[in-house]
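**Student:** Got a structure for you, questions after.
Number of protein chains: 2
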Amino acid sequence: MLNLENATQRIRDILKSDDDKLIREELNNLHSADLAEIFDHLSSEERIKAFNYLTEECAADLLEELPAQFQVEILEEINEEKAARIILRMPHDSVADVLGDLTDSETEAYLNKLPARVSSQIRELLSYKEDTAGGIMNSEVITVEKDMTVEEALSYIRIKAETDKIDLYYVYVVDKFNHLCGVLSLRELITSPQYIKIEDIMITDIFKVNVDDDQEIVADTLMKYGFLAIPVVDHYGKLKGIVTWDDAQEISEEETTEEIYASSGISTDIIDEDEILSGHMFNAIRARLPWLFITLIGEFFAVNVAHHFDTTLHAIPIIAIFMPLLAGLGGNIGTQSITLMVRGLSTGQVNMSTAFHHIFRELRIGLFIGILFGLMVAVFTWNWQNSVVLGSVVGLAMAINMTLATVIGTVTPFILKKLKIDPAVASGPVIATTIDVLGLAVYFTLVTYSLHYLL
Amino acid sequence: MLNLENATQRIRDILKSDDDKLIREELNNLHSADLAEIFDHLSSEERIKAFNYLTEECAADLLEELPAQFQVEILEEINEEKAARIILRMPHDSVADVLGDLTDSETEAYLNKLPARVSSQIRELLSYKEDTAGGIMNSEVITVEKDMTVEEALSYIRIKAETDKIDLYYVYVVDKFNHLCGVLSLRELITSPQYIKIEDIMITDIFKVNVDDDQEIVADTLMKYGFLAIPVVDHYGKLKGIVTWDDAQEISEEETTEEIYASSGISTDIIDEDEILSGHMFNAIRARLPWLFITLIGEFFAVNVAHHFDTTLHAIPIIAIFMPLLAGLGGNIGTQSITLMVRGLSTGQVNMSTAFHHIFRELRIGLFIGILFGLMVAVFTWNWQNSVVLGSVVGLAMAINMTLATVIGTVTPFILKKLKIDPAVASGPVIATTIDVLGLAVYFTLVTYSLHYLL
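If you're matching them up, the sequences are chains A and B in order.
The opening residue of the first sequence carries number 94 in my numbering; numbering runs sequentially from there.
The opening residue of the second sequence carries number 94 in my numbering; numbering runs sequentially from there.
As structure tokens, then:
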């Protein structure tokens, strides 16, 4: 793979050289995926300059791979006629994505520059919601009619695939009214006898999705069954487009990001996931506040628990210094358990029917580690503070705390799942706060009961 | 998609019915991906029973999708002759995976039952390390020779693709000695004139990997460039196999799991990631102990900081009850920042060249939220404890704490990355412990300086 830093430096140097021929050659020889990574590291001026050296084909490939803000930045700077020619070389779903990020008047201006057939297809794509099958599908599909012979179908595809630059994963079979009737792999087509009718070899049990289906369902279906593409139909069963595996992969990466964000209490319900890192600062703040507030309320409970044992605290203030130790290790081991369960539920390695097995297993793990750490802390505290009783109290609190944390960390995701709440939601903050409250209660209770021996 | 619970219940009921015809029909009509999910929920006896009703083809498809422990369980229970016939229908890479999980003598027994050509290919696959390109590739590839014409190549592929059941993504071009010379998409092949020589239309700039390359590099290359498959060559440039996009997807899911585990302090360095949830309990404990020990040491520092302010604590024990509040919210907002940066670095949305931009942005976010929460906590404490000074001290500590946590959470991943350490490593525990130590130091210092007004 590409050494990104070296490659970026080289492109920077070449751009400075002003040797048109060299610049053109170097830039157009790079794979669009590499070029997109390099563009990430260039300055805004360098990006525009470099883009102008690309052939229309390379420019189209690159534009597809760039993040939305760069697409807008570049399209606003370059000549509109050229931009329209570049757009014409992109798959329609990518064009819809690009235009969707421009202002309405800019979008209109571009659409008016495109051939009527293309612009009407793109207008249709723009009419679907962004996160539905319709919003992510590509409307350019090669279809054959069911009463064609294999020979006719093959020669038809030959012509179509040569003129339009279309991804050819499967061949979809439709009737006269474009209703989806069947599907064929290219392999089946080329290995079948030439005279056979398409309808006699096509598969009619087709996995398909509806234009309005949520993009996550589409991606999950594609990934689960290992398809390269899945057809999208409207409510009348007419074929409207296909969603391909690379779109599904992008969506599943987004989903993973949302899951990871959620687990540390960053909410993607109101704010779009890619707005949080790069959008307006107040969007990022809004995404982070809800769970911080909930933590705040939870921690007020912890403060209250501690306050409840005010007398104990006044009698023997030294006990306060062990609070972070107990809360820290409880939070840590609890987070480990919750992470294992949440990820397991998400990949399918863990499911509701094995819940009790996992809870019991984590209980034993928590007990083992809890007792181990309890003993270490007890011995340390005993020696340090020269008090067997204090050592025992802190050690016992540690053991109970860690075991409790493991169990709560394991049980919580299953309960959330049962309540039909996404188990990933704020697992981190919730477990830390719960452990703070319960752990403190256990610790202070133990101290209070042994107060007689501690004074 | 399938309603898993209903489908599982239905299969359970049918299995109980002992209506052979019905069972056979229902089971063989399910897609192998669905069946694999259902098998996950069946008991061990139900699994064996159901498996015996499957046709050899369905059994092969299913076996490929099952987790290793089920594969072993089933193969040990069913008739060996039948097992060998099922294995023969699976892609070679899947067979190598299945046999790799059996004991050496069992593996030998199966290999001896397979045709010599197949068993020698599988022996070769078994000789590569599990996590290299050689260990994950499929050795069944359709190749054409470079001096064939398009017509010859097509008719050759027709015969090959029909007899062997091979995934046909690209057609690889080799010379007489099987050296990889070029690649062609099936689309190019069917749209080119029949009489043209393959070497005149093949692409010679081929992305390829070496048999010894790490599987993560292979997966990343495939994903980045959006290939359906990538060829694997040996040190002489001979074509040994291909790695396909579905393998890459599986590897990238494993990588994500490792990343998520690492971020909450579960180490996958010694213990394999899929051993942690389902393997021996002591493996799970070993994976979790290292970062718990590090947290323990870190928290001893926190205890020491608190102990350092012993006199303050004795003078005014009430201050101890705010410790969990400060640590909890600091840890929470710090984890948010570290999560955003670690995930951003992993997806490429964040990179080293934009480090200062992100640090500065998070600083402002931390300041804003810190001041907001500081004010809330100050007002609350003032009213509750009836002390303006205590309210101000706790509020100020909160504001400093949260800002500090955001900055540390943002800076840490960049420093780790610069030191060539994976930024995902134990981000959660590290940030929580650091905040415990620093946060307490800030808080107790503030309290000590205002002691005069607090008493």
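Here a beta-carbon is modelled for each residue, glycine too, at the ideal position from N, C-alpha and C.
Note that this is a predicted model, so its numbers are computed, not measured.
Check distances from the C-beta atoms of the stretch 416 to 436 of chain A to those of chain B and list, in chain order, the residues that come in under 7 Å.
**Tutor:** Met-416, Pro-417, Leu-418, Ala-420, Gly-421, Leu-422, Gly-424, Asn-425, Ile-426, Thr-428, Gln-429, Thr-432, Leu-433, Arg-436
**Student:** List, in chain order, every chain B residue whose beta-carbon is nearer than 8 Å to that of A/Glu-199.
**Tutor:** On the first sequence, residue 199 of chain A is found 106 positions in, with the first residue counted as 1. Chain B residues near A/Glu-199: none, gap ~25 Å exceeds 8 Å.
**Student:** Once DSSP output is grouped into helix, strand and coil, what is the label at B/Asn-376?
**Tutor:** Working through the second sequence from its first residue, we reach residue 376 of chain B at position 283. In the structure shown, B/Asn-376 sits in a helix (DSSP, three-state: H, G or I).
**Student:** Does any residue of chain A bring its CB to less than 9 Å from the CB of B/Leu-102?
**Tutor:** Mapped onto the second sequence, residue 102 of chain B falls at position 9. In the sequence as displayed, the identity of residue 102 of chain B is Gln instead of Leu. So no, B/Gln-102 is outside the interface.
**Student:** With distances taken from CA atoms, which of B/Leu-155, B/Val-234, B/Val-237, B/Ser-356 is nearest B/Arg-436?
**Tutor:** Sequence index remark: in the second sequence, residue 436 of chain B carries index 343 (1-based). Of B/Leu-155, B/Val-234, B/Val-237, B/Ser-356, the residue nearest in Cα terms is B/Ser-356.
**Student:** If contacts are defined as beta-carbon pairs under 8 Å, then A/Met-183 and A/Leu-156 qualify, I think. What distance do you get, rounded to the angstrom?
**Tutor:** What you label residue 183 of chain A is simply residue 90 of the first sequence in a count that begins at 1. What you label residue 156 of chain A is simply residue 63 of the first sequence in a count that begins at 1. About 6 Å; that satisfies the 8 Å criterion.
**Student:** State yes or no: is the beta carbon of B/Pro-551 nearer than 9 Å to at least one beta carbon in chain A?
**Tutor:** Here chain B has residues from 94 to 548 only, and residue 551 of chain B is not among them.
**Student:** Could you tell me whether the stretch 307 to 317 of chain A touches the stretch 238 to 251 of chain A, where touching means 3 or more Cβ pairs closer than 8 Å?
**Tutor:** no
**Student:** Which residues in the same chain have their Cβ closer than 6 Å to the Cβ of B/Gly-502, if we skip the five residues on either side of it in sequence?
**Tutor:** The residue labelled residue 502 of chain B in the question sits at position 409 within the second sequence. Closer than 6 Å at the Cβ level, and outside the excluded window around B/Gly-502, lie Gly-427, Ser-430, Ile-431, Ile-524.
**Student:** Measure from the C-beta of B/Ala-289 to each C-beta in chain A and report whether the shortest distance is under 9 Å.
**Tutor:** Start at 1 with the first residue of the second sequence, and residue 289 of chain B comes out as number 196. What sits at residue 289 of chain B in the sequence shown is Ile, not Ala. Cβ-Cβ to chain A under 9 Å: no for B/Ile-289.
**Student:** For A/Val-396, go through chain B and note every residue whose CB falls closer than 7 Å to its CB, in chain order.
**Tutor:** Within the first sequence, the letter at position 303 stands for residue 396 of chain A. In chain order: Ile-414, Phe-415, Pro-417, Leu-418.
**Student:** Please list, in chain order, all residues of the same chain as B/Ala-490 whose beta carbon is under 7 Å from its beta carbon, the five residues on each side excluded.
**Tutor:** For this step, residue 490 of chain B is matched to residue 397 along the second sequence. Correct list, in chain order: Leu-419, Val-535, Tyr-536, Leu-539.
**Student:** Which term fits B/Lys-333, buried or exposed, when burial requires 16 or more other beta carbons within 10 angstroms of its beta carbon?
**Tutor:** By 1-based counting over the second sequence, the position of residue 333 of chain B is 240. Classification of B/Lys-333: buried, given that the 10 Å Cβ count is 16 or more.
**Student:** Which residues mark the beginning and the end of the beta strand (DSSP E) in which A/Ile-335 is found?
**Tutor:** Translated into positions along the first sequence, residue 335 of chain A becomes position 242. Looking at the DSSP string, the run of the beta strand (DSSP E) that includes A/Ile-335 is 332 to 337.
**Student:** Can you find a CB in chain A that lies within less than 9 Å of the CB of B/Phe-473?
**Tutor:** In the second sequence, residue 473 of chain B corresponds to position 380, counting from 1. Yes, contact with chain A.
**Student:** Short check: CB of B/Thr-499 to CB of B/Ile-464, under 9 Å?
**Tutor:** Sequence index remark: in the second sequence, residue 499 of chain B carries index 406 (1-based). Sequence index remark: in the second sequence, residue 464 of chain B carries index 371 (1-based). It is not a contact, given that the beta carbons lie outside the stated cut-off.
**Student:** Using Cβ-Cβ distances below 8 Å, what residues of the stretch 330 to 346 of chain B are close to chain A?
**Tutor:** Trp-338, Asp-339, Gln-342, Glu-346
**Student:** Is the distance from the Cβ of A/Gly-227 to the Cβ of A/Val-325 below 9 Å?
**Tutor:** For the purposes of this step, residue 227 of chain A is identified with residue 134 of the first sequence, where counting begins at 1. For the purposes of this step, residue 325 of chain A is identified with residue 232 of the first sequence, where counting begins at 1. Yes, these two residues count as a Cβ contact at 9 Å.
**Student:** What residue from A/Tyr-263, A/Gln-287, A/Thr-361, A/Gln-342 has the CA that sits closest to B/Arg-251's CA?
**Tutor:** Position 158 of the second sequence, counted from the start, is the residue given in the question as residue 251 of chain B. Of the listed residues, the one whose Cα sits closest to B/Arg-251 is A/Gln-287.
**Student:** Contact between the stretch 286 to 303 of chain B and the stretch 341 to 356 of chain B: three or more CB pairs below 8 Å?
**Tutor:** no
**Student:** From the beta carbon of A/Thr-349, is the nearest beta carbon of chain B less than 9 Å away?
**Tutor:** Residue mapping note: residue 349 of chain A aligns to position 256 of the first sequence, counting from 1. Cβ-Cβ to chain B under 9 Å: yes for A/Thr-349.
**Student:** Taking B/Asp-307 and B/Asp-224 to be in contact with their CB atoms under 8 Å, please state how far apart those CB atoms are, rounded to whole angstroms.
**Tutor:** Taking the first residue of the second sequence as 1, we reach residue 307 of chain B at position 214. Taking the first residue of the second sequence as 1, we reach residue 224 of chain B at position 131. The Cβ separation is near 7 Å, so the contact holds.
**Student:** Applying a beta-carbon distance threshold of less than 8 Å, which residues of chain B neighbour A/Asp-327?
**Tutor:** Here residue 327 of chain A refers to the residue found at position 234 when the first sequence is read from its first residue. By Cβ distance, chain B contributes nothing, its closest Cβ being about 20 Å from A/Asp-327, past 8 Å.
**Student:** Along chain B, which residues have their Cβ under 9 Å away from the Cβ of A/Phe-461?
**Tutor:** For the purposes of this step, residue 461 of chain A is taken as residue 368 along the first sequence, with counting starting at 1. Listed by position along chain B, the residues whose Cβ is nearer than 9 Å to that of A/Phe-461 are Met-374, Phe-375, Ile-378.
**Student:** Can you tell which of B/Ala-312, B/Leu-370, B/Glu-348, B/Val-267 has its C-alpha closest to the C-alpha of B/Tyr-329?
**Tutor:** In the second sequence, counting from the first residue as 1, residue 329 of chain B sits at position 236. Taking only the C-alpha atoms, the option nearest B/Tyr-329 is B/Val-267.
**Student:** Please list the terminal residues of the continuous alpha helix (DSSP H) segment that includes B/Leu-447.
**Tutor:** As a working mapping, residue 447 of chain B is identified with position 354 in the second sequence. In the sequence as displayed, the identity of residue 447 of chain B is Thr instead of Leu. It is not in any alpha helix (DSSP H) - B/Thr-447 carries neither H nor E in the DSSP assignment.
**Student:** By how many angstroms is the C-alpha of B/Val-264 removed from the C-alpha of B/Ala-176?
**Tutor:** On the second sequence, position 83 is the one that residue 176 of chain B refers to. On the second sequence, position 171 is the one that residue 264 of chain B refers to. Taking the straight line from one Cα to the other gives about 32 Å.
**Student:** Please list the terminal residues of the continuous beta strand (DSSP E) segment that includes B/Val-264.
**Tutor:** Position 171 of the second sequence, counting from 1, holds the residue named residue 264 of chain B. Its beta strand (DSSP E) spans residues 263 to 267.
**Student:** Should B/Phe-375 go down as buried or exposed, given a rule of 16 or more other Cβ atoms within 10 Å for buried?
**Tutor:** Looking up residue 375 of chain B in the second sequence gives position 282. Exposed.
**Student:** Ignore the nearest five residues each way along the sequence and tell me which others in B/Ile-179's own chain have a CB closer than 6 Å to its CB.
**Tutor:** On the second sequence, position 86 is the one that residue 179 of chain B refers to. Result list for B/Ile-179: Glu-149, Ala-152, Ala-153, in chain order.
**Student:** Would you say A/Phe-163 faces chain B, with C-beta separation under 9 Å as the test?
**Tutor:** One-based indexing of the first sequence puts residue 163 of chain A at position 70. No, A/Phe-163 does not count as interfacial toward chain B.
**Student:** For a cutoff of 9 Å on Cβ pairs, would you count A/His-185 as touching chain B?
**Tutor:** Looking up residue 185 of chain A in the first sequence gives position 92. No, A/His-185 lies away from the interface with chain B (no Cβ there is under 9 Å from its Cβ).
**Student:** Report yes or no: is there a C-beta of chain B within less than 9 Å of the C-beta of A/Ser-446?
**Tutor:** The sequence position of residue 446 of chain A within the first sequence is 353, counting from 1. Closer than 9 Å to some Cβ of chain B, the Cβ of A/Ser-446 qualifies, so yes.
**Student:** Can you tell me which of A/Ala-399, A/Ser-439, A/Lys-331 puts its alpha carbon nearest to the alpha carbon of A/Gly-275?
**Tutor:** For this step, residue 275 of chain A is matched to residue 182 along the first sequence. It is A/Lys-331.
**Student:** Should B/Lys-513 be flagged as near chain A, meaning a C-beta pair shorter than 9 Å?
**Tutor:** The residue labelled residue 513 of chain B in the question sits at position 420 within the second sequence. With a threshold of 9 Å between beta carbons, B/Lys-513 makes no contact with chain A.
**Student:** With a threshold of 8 Å, are at least 3 pairs of Cβ atoms found where one atom belongs to the stretch 97 to 109 of chain A and the other to the stretch 136 to 146 of chain A?
**Tutor:** Segments in contact, yes.
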